[in-house]
Amino acid sequence: MASHTRQRPLSAIVPARIATAMLLLGAAGCSSGPGTSGAAAAQGWSGKGVNAVSRPVAGAGVTAVTGLRPDGTLETSVFDLPKGRSLWSRPATMVGRLSGMGVQPPAVVGPQGKGVVVSLEPQKTGKWKATLVARDARSGAQKWVRPVDSTFGPVRCGPYICMSEFTARRNARFVVLDPEAGGRQLWKMPGIAEVEWADAGKLVAFRMAKHPTLEAHDLKTGKPLWSFPVERAVGAGVNLSGGWAFGSLGDVLVGYMAPYQARKGQPLSAFGFFGLDMATGKPIWARKRLLRVYPSANPAVALITRQVTQAGGYGGFEQLDPRTGRTTGTISADKAPKSAWWLAFPADLTKLGFLSQGRAGAAYDLRNAAQTKPKGMRAWSFCTVDPAELKISGQRGFFPVAPLCAYDLAAGKKISEPGPPPGWYTGAVDGWRVWRDEAGVLHAVKDAKGTTPGMYGL
């Protein structure tokens, strides 16, 4: 992550190689309990045989990830979640996915014992460029297929699979498929959309357009329930090139639109945070001109933001209550070190740390802005500021999902064998937390309660 200095453009709150992979990932949330802190006694494993490059997904007793093979081709790799045993792998591909969205992970849907893993495979038939394939989560046996022209990839939406297809064409559409009925299409709507939240009866989708909207639909029929234009919350002139993120508190949907600056010296596009009533789509709160900082929790888990001054420079830091949008803590801009730094946070998110490579950093309590001694403080930040582009055959501009490393804030150095990264980064599914490390190795540990989104969603 690049240093946060006033001289850097506001669109570069983190380097583009890290930021675009995060900013363009929507994040759906669910209710959960807090994770436990005793990771040493928790059940866990480290998977071998796959170079994980996407975010991992979990469900139906398995975890699945997109890996990069030595020959430059992609693969879908599936592991038994409780034991970490490799179950199966198949070739994977991407057609029409934007590089800023990162490598597409598979989708896992269904209950344990009846789950399926859905991913894009490179088989071409006639005019179709790839094939969407659903396979038994345990055996890898093929269940059904759907030819694809171009798509951002499949995602789980409640008990179904959702996908935007024909994304490279004017007739793009969003479809909902029933995985237990041979992939039968339940309903569709025109344009490109991304699922931000879903349960057994309703989904909330972000419709990507010049004037984007959030829309709730009946999951089975597609009947519109409510619609909210996001520019009503953050102002006119949203540019989707900046990115977005969402999270759910159950009854409140928290949204973030990131800024975009086409050229140096030009004004930023509209940006900020807002909260909607999940039942009605009515706005509850809005905070314009606040930036999401990185690394960070899902917006529904914790909101740590940075102000932008009227002159267009960086201001201080604010922590917001995701439910109300009210400020719960502030740290003024003059607390930041004069030397190069990037942000780092402890596992409990009670402090904001300024990490300086190879030297002592600084830390402040987010509750009262009091300075705390960095000695003995373990803080988590990005492992590298300059990730290498993935060498994917026929694809350019993709980077692996950015992992976190633990640092000794007092020394500005990485901590060896730090244990699992914090729950606000990994999220959890039925108590299991799964992540990739900086070497691409997949890890899992069961030390949490329930299901909660991480920095990259669920």
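The sequence shown maps to residues -27 to -1, 1 to 431 in mature numbering (1 follows the signal peptide of the UniProt record, and there is no 0). Where is the CB? At the ideal position from N, CA and C, for every residue including glycine. Just so it is clear, the structure is predicted and the values come from calculations on it, not from any experiment.
Closer than 8 Å by C-beta to ALA12: which residues in its own chain qualify, once you throw out the five before and the five after it? Chain order, please.
For ALA12, the predicted structure reports a pLDDT of 37, less than 50, and the residue's modelled location is therefore unreliable. The matter cannot be settled from this model.
Under 8 Å, with one C-beta from each stretch per pair, do the region 218 to 226 and the region 263 to 278 reach the 3-pair mark?
yes
Bridge partners - PHE290, DSSP secondary structure assignment:
ARG279 and ILE304
Are there three or more Cβ pairs, one per stretch, closer than 8 Å when the region 257 to 265 is compared with the region 181 to 195?
No contact exists between the region 257 to 265 and the region 181 to 195.
Taking the alpha-carbon positions, what's the GLY22 to TYR380 distance?
28 Å
Rounded straight-line distance, which links the Cα of PRO132 to that of ASP109:
15 Å
On the criterion of 16 or more Cβ atoms from any shown chain inside 10 Å, does residue 490 qualify as buried, or is it exposed?
Nothing in the structure corresponds to residue 490, since the chain is present only between -27 and 431.
Is GLY40 helix, strand or coil when you go by DSSP?
strand
Expressed to the nearest angstrom, what Euclidean distance is found between the alpha-carbon atoms of LYS422 and VAL225?
21 Å
What is the C-beta distance between PRO64 and THR46, in whole angstroms, given that I count them as a contact (C-beta under 8 Å)?
6 Å
In the DSSP assignment, what residue or residues form a beta bridge with residue 436?
A query on residue 436 cannot be resolved here, the shown segment of the chain reaching from -27 to 431 and no further.
Do you know whose CA, among PHE318, GLY326, ILE165 and GLN234, lies nearest GLY396's CA?
PHE318
Do you know offhand how far GLN344's Cα is from THR424's?
33 Å
Rounded to whole angstroms, what's the CA-CA distance from ASP294 to ASP250? Just pull it up for me.
Those two C-alpha atoms are separated by around 15 Å.
The alpha helix (DSSP H) enclosing GLY396, as first and last residue numbers:
396 to 399
Inter-stretch contact at 8 Å, needing at least 3 Cβ pairs: the region 155 to 175 / the region 185 to 200:
yes
So for ALA12, helix, strand or coil by DSSP?
Here the model assigns ALA12 a pLDDT of 37, short of 50, so the residue's position is not dependable and the matter cannot be decided.
Going by other Cβ atoms of all chains shown within 10 Å of its Cβ, with 16 needed for buried, is GLU138 buried or exposed?
buried
Delimiting residues of the alpha helix (DSSP H) encompassing VAL207:
204 to 207
Tell me, to the nearest whole angstrom, how far the beta carbon of PHE355 is from that of ALA336; I am working on the premise that it is less than 8 Å.
At roughly 17 Å, the Cβ-Cβ gap does not stay under 8 Å, so PHE355 and ALA336 are not in contact.
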